[in-house]
Structures are given as structure tokens and as C-alpha cells.
Amino acid sequence: MSPETTTKYNGKPQLHSLRPLPAVDRFTPLTPHLAISPTVSVVVPAMNEAENLPHVFATLPHWVHEIVLVDGNSVDDTVAVARRLRPNLRVVQQRGRGKGDALASGFAACTGDIIVMIDADGSTDGREIIHFVSSLVAGADFVKGSRYASGGGSDDLTFSRRLGNSVLRSMVNWIYGTQYTDLCYGYNAFWARHLDVLDLDCEGFEVETLMNIRAAKAGLKVHEVPSHERCRIHGESNLRVVRDGWRVLKTIIRERRRPVPAAGPVPAQQPAADEAAAGQGAA
Ligand SMILES: Nc1nc2c(ncn2[C@@H]2O[C@H](COP(=O)(O)OP(=O)(O)O)[C@@H](O)[C@H]2O)c(=O)[nH]1
Ligand SMILES: [Mg+2]
Numbered sequence: 371m372s373p374e375t376t377t378k379y380n381g382k383p384q385l386h387s388l389r390p391l392p393a394v395d396r397f398t399p400l401t402p403h404l405a406i407s408p409t410v411s412v413v414v415p416a417m418n419e420a421e422n423l424p425h426v427f428a429t430l431p432h433w434v435h436e437i438v439l440v441d442g443n444s445v446d447d448t449v450a451v452a453r454r455l456r457p458n459l460r461v462v463q464q465r466g467r468g469k470g471d472a473l474a475s476g477f478a479a480c481t482g483d484i485i486v487m488i489d490a491d492g493s494t495d496g497r498e499i500i501h502f503v504s505s506l507v508a509g510a511d512f513v514k515g516s517r518y519a520s521g522g523g524s525d526d527l528t529f530s531r532r533l534g535n536s537v538l539r540s541m542v543n544w545i546y547g548t549q550y551t552d553l554c555y556g557y558n559a560f561w562a563r564h565l566d567v568l569d570l571d572c573e574g575f576e577v578e579t580l581m582n583i584r585a586a587k588a589g590l591k592v593h594e595v596p597s598h599e600r601c602r603i604h605g606e607s608n609l610r611v612v613r614d615g616w617r618v619l620k621t622i623i624r625e626r627r628r629p630v631p632a633a634g635p636v637p638a639q640q641p642a643a644d645e646a647a648a649g650q651g652a653a
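Going by my numbering, the sequence shown opens with residue 371, and the numbers climb by one from there.
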């Protein structure tokens, strides 16, 4: 039998059943104030990022369960540097081409309950991972980093990228009824159980748009957290504004015709307080 809890609503006591909490030793402390029971995998797509990886890995929290580096056939020392920095790192060798293909391979290899995707060029700060994870354990299904949300920003967005992102984001919001403040940003996190719904089947930089649209169409609870994008530290971006903007546009249009996937069952590890909260809301 599930344990019960009493809360008050409008002065009247309410009885709610709670799912049993996981054992205390299954919780990992993230801060002196917060401990979580799900495990967190971090997926890092990397193509010729050897010089940037030391900066990126230095920002990753010690409490992540695993780091999965997806190597895009790098011709520099990306894999060797990564292994030297984190001997227990998992390396996935990408078979196809492009960031979308890399992320799909990395996600499939993850063993954690939560998956965080982060770039390997030093533009995304691993110290923000806690904001994504906190939002997920508080009830979100999918969490988008946003450079346009209050508290976010970018040192890296050129005029053409800002314009393209803005036009494409408005299209997505109009067609899919979302209220996204950002669209083409590579810092996102989600529960691994939603991988089937996301069902990634794209090659390139349209991958974030595809994920954002499929999450919305499937009715996932999407939260945004502010994120600050810094400039890539070494090397040059692989993104080409016109080529990749066109791919994003085609994705936005094509996804309209795709049938809505059925969301998976609510798992037992849903936050235990949810039922009580839902009960209050419905009272
Ligand atoms: N494995 C892999 N990673 C890629 C590929 N293309 C880009 N990336 C990585 O994806 C991240 C973002 O790419 P980047 O070139 O910085 O694009 P931008 O951030 O949009 O300017 C970086 O960590 C890249 O190394 C690819 O084809 N394969
Ligand atoms: Mg970049």
C-alpha cells in the first residue's frame, strides 16, 4: 500500500497517496541543499575539439554519472585528450555524418535516467547543468537552454544567426503553438525515457529544432532555463548559416505532416510529490 500524506487546501485537510521514495543511499548530493535519485549522462558531440575539451570538462560537475563523447572522425587528438582528461569517459565513434547523427548515436549509448547535451567548443558551460537537472526533477520532461530568456545571453551570435534563429523560432511558435524564446541552441536536457518520442533521424544542425518540435507535438512538458552562450574558444564553427538555415526550415515544414507519437507510460520514478501536488491543483 502506498504511504499517505496530509496537506491543507482552503483550510481543509487533503489526503494524498505518495509513491514510495527511493532509498536514501540512491540519492546523489548536488549541493548542500539538493540531492537527486536519477542518474545523469552528459553527451558531448565533438569534431576536432582537442584544444577546447580541457575547458569544457573542467566545468562538468563531479556528480554526473557518465560522460559520452561522440567523436565525429576527428583528425586531431580529440579522443586521446578526452581519455586523458577523464579515463572513465565513454567514447562513441560516429558512423554517419553531422551533429544530428552524432547526438543520436550518443543518446542511444547513454545509461543514465537524464540526458544532457552540451557542445565541446567551450561555448556552453557545464556549471549550468544543475539548472537543467533541477527543472527535470521538479517535473519537466524536456528542458531547453535559452539564450533569450531573462538571465541568458550569447557572446557568439552573429547578426545573421540572430536573425535566422528569430525568424525560424517565430515560425515554430506559430505552426506548433509553442512559446519558445530560442530554437537552434545546443544545450538541452531530457529524461532518457523520452528518446522514443524524439526518435532522432536527422543528420545535421537541424537536430535541436527537430527535438524541440517533436517534444511539443508529443505533449511533453517543456521548460526553458536561461543559458549564457560564450564564444567558441579555439577553431571555427562548422555551421553554415544559409545551408543549415535551409535544413532547419525544411525540418519545420516537414514535421507538420509527421504523425504525433504516443507518449510513453509515466514511470514509477516520477517525482513522489507529484500526486499530492496534482491533487491540490484539482481540489
Ligand atoms: N561528432 C560530431 N560533432 C559535431 C559535428 N558537427 C559539429 N559537431 C560538434 O557540435 C558542437 C557544435 O558545433 P559548432 O561547429 O560549434 O556549431 P555552432 O555551435 O552552431 O557554431 C561542437 O561540439 C562540434 O564539435 C559532427 O559532424 N560530428
Ligand atoms: Mg559552437
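Ideal placement from N, C-alpha and C gives every residue a C-beta, glycine not left out.
Query: Taking 8 angstroms as the limit between beta carbons, can you name the residues of its chain near R460, skipping five residues before and five after?; Result: E436, I437, V438, L439, A479
Query: Extract the residue ranges of the beta strand (DSSP E) inside the region 584-641, only unbroken runs of 3 or more that lie entirely within it.; Result: 592-596
Query: Please report the distance separating the alpha-carbon of F427 from that of G468.; Result: 22 angstroms
Query: Restricting to Cα atoms, I'd like to know which of P415, G482, I488 is closest to G515.; Result: I488
Query: If the criterion is Cβ atoms closer than 7 angstroms, does the pair G523 and H598 meet it?; Result: yes
Query: CA-CA distance, V567 and R465?; Result: 22 angstroms
Query: Give me the Cα-Cα distance between A490 and A393, rounded to the nearest whole angstrom.; Result: 35 angstroms
Query: Tell me whether D489, by its Cβ, gets closer than 6 angstroms to a heavy atom of ligand 1.; Result: yes
Query: Based on Cα-Cα distance, which residue from P415, E578, S475, V413 lies nearest to D319?; Result: Residue 319 is absent from the model: the chain starts at 371 and stops at 653.
Query: Name the DSSP bridge partner or partners of A559?; Result: V486, V513
Query: Looking only at its chain, what residues have a beta carbon closer than 6 angstroms to the beta carbon of S475, apart from the 5 residues adjacent to it on each side?; Result: V440, V462, Q464
Query: Using 6 angstroms as the cut-off, classify the Cβ of N535 as near or not near the heavy atoms of ligand 1, replying yes or no.; Result: no
Query: Nearest CA to the CA of A562: which residue from F397, L473, A405?; Result: L473
Query: From E573 to F397, what distance separates their C-alpha atoms?; Result: 36 angstroms
Query: Thinking just about the alpha-carbon of each residue, which of E421, K591, P402, G547 is nearest to the one in A510?; Result: K591
Query: Counting only beta-carbon separations shorter than 7 angstroms, does L570 have a partner in chain B?; Result: Absent here is chain B; the protein component of the structure consists of one chain.
Query: V394 lies in the alpha helix (DSSP H); which residues open and close that run?; Result: Counting along the chain, V394 falls outside any alpha helix (DSSP H), and DSSP gives it neither H nor E.
Query: Which whole runs of the alpha helix (DSSP H) in the region 432-507 are 4 residues long or more, in chain order?; Result: 448-455, 469-479, 499-507
Query: Please name the residue or residues paired with S540 in a DSSP beta bridge.; Result: For S540, which the question treats as bridged, DSSP gives no partner whatsoever.
Query: Hey, F477 and L565 are a contact pair by Cβ (cut 8 angstroms); roughly how many whole angstroms apart?; Result: 6 angstroms
Query: Between S597 and ligand 2, is there a pair consisting of the residue's CB and a ligand heavy atom that are separated by less than 6 angstroms?; Result: no
Query: To the nearest whole angstrom, what separates the beta carbons of R517 and D552, a pair I think is in contact under 8 angstroms?; Result: 5 angstroms
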